[in-house]
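Report on the structure given below.
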DNA sequence: CCAAAAGTGTTCGCTATACACCCATGA
DNA sequence: TCATGGGTGTATAGCGAACACTTTTGG
């Protein structure tokens with residue numbers, strides 16, 4: 001389990017201190033996934049005040065009246081990690097009557113994949129405690145956040161096979177083995193190296209960086225980057241990404 | 001375009017008459033799909049009162065404080081069509097700031113597939129006007145409902161290929177050609193009959209009814225039904241439905 | 001008989017899978 | 001020279017696409 005301590009401003013929901021310019025009974029919760037040494041991590045924060053003080057939770061907060069849902073998710077993400085311009089997608093809305101104590105609060109969840117390069121950036125801000133946790137070793141969480149994470153992981157496993165979003169978890173330049181280990185880690189399976197290489201290369205989504213790894217105690221691997229332009233071109237022709 | 005007129009109680013959102021026991025700023029909208037002569041239809045209602053009187057809309061309404069989201073969707077569906085116990089799944093939450101006039105209303109959308117057998121049942125209740133519309137010939141709709149429907153159709157096209165939900169659009173007993181035409185209609189493609197048959201049969205999800213079509217001017221086809229038990233057994237073994 | 005749809009058979013090429021193998025490099 | 005991962009080759013089985021074909025039934 002990784003616990004890169006990270007300080008950030010937490011505006012997580014707390015009905016006792018709800019400001020006036022937000023929608024009552026409606027909140028945002030972000031699932032921010034990162035990859036650390038081939039392990040899938042998720043970013044959690046610790047409440048400092050209110051009814052949930054000292055307990056771990058998903059980073060989230062209220063939605064302003066003049067703010068689109070995705071913008072609210074982006075804002076909370078930016079405030080918490082300093083990262084912007086991410087792949088950020090709506091996951092699901094959770095609204096069980098008793099999911100929140102005393103009040104009825106429905107929450108819209110979003111998820112984002114943070115690249116390994118931005119992984120440490122997250123440690124920049126100042127406020128509530130925040131840490132990366134391995135998704136297989138989570139602490140106790142408030143409300144239904146464990147359930148939301150469980151759902152998010154399942155969706156991530158499905159989406160990562162159908163859309164080239166996994167690249168967001170890697171640095172700009174990566175090796176084929178890194179990519180393979182990413183898929184193995186998220187999907188929880190072993191993949192055949194030669195077959196994986198061929199499959200990926202045949203898609204034509206990777207551009208060679210004409211560079212090689214350095215500082216490794218074995219033959220240096222070629223570095224590739226995700227070729228977004230090629231992807232867009234292929235998509236227009238009705239290409240379907242499948243792993 | 002089919003327009004089986006259907007009367008039903010509409011509790012669709014209207015901020016002017018919002019009762020006290022519901023969550024303000026949060027509504028439900030249902031996408032109810034049906035199949036008519038091989039064409040994909042969607043159920044729409046016409047407002048009788050309020051700011052949207054006389055205009056077509058998705059059947060929906062407010063969420064009560066003591067009511068889970070899905071229960072609210074079920075309730076509105078039941079009130080509008082008389083059908084219960086349906087495949088009913090959350091689609092997405094729409095919350096653009098300006099999607100609703102004067103107020104901020106976020107809506108959680110659900111979708112359901114109504115079987116051909118229940119298709120007419122929908123005409124049972126009494127209240128606002130309601131009709132089935134071919135999804136390719138929709139009237140003008142209120143708010144962002146056209147956008148929601150567009151999104152719903154795209155999701156339906158994807159989900160119908162990955163999960164055996166299409167059967168919900170057919171009667172209990174159906175022929176292989178009916179099933180094929182369903183997929184052709186939703187996916188907007190032509191499929192090869194022999195190959196489709198083999199693919200479906202090899203999955204082992206269909207149980208023979210030991211019955212044949214009657215009243216057709218050609219060789220009568222065997223009738224099949226979806227074998228839910230076989231499906232559950234296969235799912236436990238890690239089976240993946242793909243068309 | 002014909003039309004229309006039911007249903008079967010067969011070919012061909014691609015792709016997934018499994019696994020053996022050689023290459024380059026630092027310690 | 002060995003360990004480690006980089007990278008290539010290849011045989012095989014199975015599946016999908018394409019399409020020719022036979023069967024059954026009502027009119």
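Chains as they are written, first to last, in UniProt numbering: chain A, 1 to 243; chain B, 1 to 243.
Even glycine gets a Cβ: it sits at the ideal position worked out from N, Cα and C.
Bear in mind that the values here come from a model prediction, so they are computed numbers and not experimental data.
Cβ-Cβ separation, residue j to residue i (assumed contact under 8 Å), whole Å
i                      : j                      : result
residue 111 of chain A : residue 69 of chain A  : That belief does not hold up - the Cβ atoms of residue 111 of chain A and residue 69 of chain A are roughly 13 Å apart, past 8 Å.
residue 34 of chain A  : residue 169 of chain A : 7 Å
residue 144 of chain A : residue 96 of chain A  : 6 Å
residue 148 of chain A : residue 113 of chain A : About 16 Å; that fails the 8 Å criterion.
residue 173 of chain A : residue 223 of chain A : 4 Å
Any non-hydrogen atom of the ligand ZN closer than 7 Å to residue i Cβ
i                      : result
residue 195 of chain B : Among the components of this structure there are no ligands whatsoever, and the ligand ZN is therefore not found.
Closest Cα partner of residue i within the set the options
i                      : options                       : result
residue 136 of chain B : B/144, B/150, B/142 and B/145 : B/150
residue 47 of chain A  : A/40, A/56, A/41 and A/39     : A/56
residue 27 of chain B  : B/63, B/58 and B/163          : B/63
residue 32 of chain B  : B/24, B/18, B/72 and B/80     : B/80
residue 206 of chain B : B/107, B/176, B/145 and B/119 : B/176
residue 194 of chain B : B/187, B/186 and B/180        : B/180
residue 242 of chain A : A/74, A/201 and A/208         : A/201
residue 178 of chain B : B/20, B/84 and B/36           : B/36
residue 78 of chain B  : B/90, B/92 and B/60           : B/60
residue 43 of chain B  : B/118, B/106, B/229 and B/23  : B/118
residue 186 of chain B : B/73, B/21, B/41 and B/91     : B/41
residue 130 of chain B : B/226, B/231 and B/58         : B/58
residue 167 of chain B : B/141, B/227, B/152 and B/211 : B/227
residue 184 of chain B : B/160, B/19, B/116 and B/108  : B/160
residue 104 of chain A : B/116, B/65, B/103 and B/73   : B/65
residue 225 of chain B : B/146, B/212, B/236 and B/74  : B/212
Buried or exposed by the 16-neighbour rule on C-beta atoms within 10 Å, applied to residue i
i                      : result
residue 45 of chain A  : buried
residue 10 of chain B  : The pLDDT assigned to residue 10 of chain B is 40, lower than 50, so where the model puts this residue is not dependable; a value taken from the coordinates is nonetheless given after this. So residue 10 of chain B ends up on the buried side.
residue 76 of chain A  : buried
residue 139 of chain A : exposed
residue 216 of chain B : exposed
residue 25 of chain A  : buried
residue 67 of chain B  : buried
residue 92 of chain B  : buried
residue 280 of chain B : Here chain B has residues from 1 to 243 only, and residue 280 of chain B is not among them.
residue 188 of chain B : exposed
residue 152 of chain B : buried
residue 214 of chain B : exposed
residue 208 of chain A : exposed
residue 220 of chain B : exposed
residue 240 of chain B : exposed
residue 233 of chain B : exposed
residue 109 of chain B : buried
residue 115 of chain B : buried
residue 73 of chain B  : buried
residue 235 of chain A : exposed
residue 124 of chain B : Residue placement at residue 124 of chain B is poorly supported in this model, since its pLDDT is 42, which falls under 50; the coordinates still yield a value, given next. Classification of residue 124 of chain B: exposed, given that the 10 Å Cβ count is below 16.
Subject >> Residues in the stretch 98-122 of chain A having any Cβ partner in chain B nearer than 8 Å >> reply: Against chain B - using a Cβ distance shorter than 8 Å - the residues of the stretch 98-122 of chain A are 104, 106 and 108.
**OP:** Scan the stretch 23-34 of chain A for residues whose Cβ lies nearer than 9 Å to a Cβ of chain B and list them as they occur along the chain.
**Re:** From the stretch 23-34 of chain A, only 23, 24, 25 and 26 have a Cβ closer than 9 Å to chain B.
Subject >> Ordered list of beta strand (DSSP E) runs contained in the stretch 101-146 of chain A, each at least 3 residues >> reply: Listed in chain order, the complete beta strand (DSSP E) runs (minimum 3 residues) inside the stretch 101-146 of chain A are 106-113 and 128-134.
Original post:
Residue ranges of each alpha helix (DSSP H) run of no fewer than 4 residues wholly in the stretch 21-88 of chain B, ordered along the chain?
Top reply: Entirely contained in the stretch 21-88 of chain B, the alpha helix (DSSP H) runs reaching 4 residues are, in chain order, 69-81.
Original post:
Curious, which full-length alpha helix (DSSP H) runs of at least 4 residues does the stretch 158-232 of chain B contain?
Top reply: Correct list: 176-187 and 193-203.
**OP:** Anything in the stretch 49-75 of chain B with a Cβ closer than 8 Å to a Cβ of chain A? List those residues in chain order, please.
**Re:** Correct list: 63, 65, 66, 67, 68 and 69.
Original post:
Relative to chain B, which residues along the stretch 222-241 of chain A have a C-beta separation below 9 Å, given in chain order?
Top reply: Residues of the stretch 222-241 of chain A whose Cβ lies closer than 9 Å to any Cβ of chain B: none.
Original post:
For the stretch 153-170 of chain A, which residues have a CB atom closer than 7 Å to at least one CB atom of chain B, in sequence order?
Top reply: If you check each beta-carbon in the stretch 153-170 of chain A against every beta-carbon of chain B, none falls closer than 7 Å.
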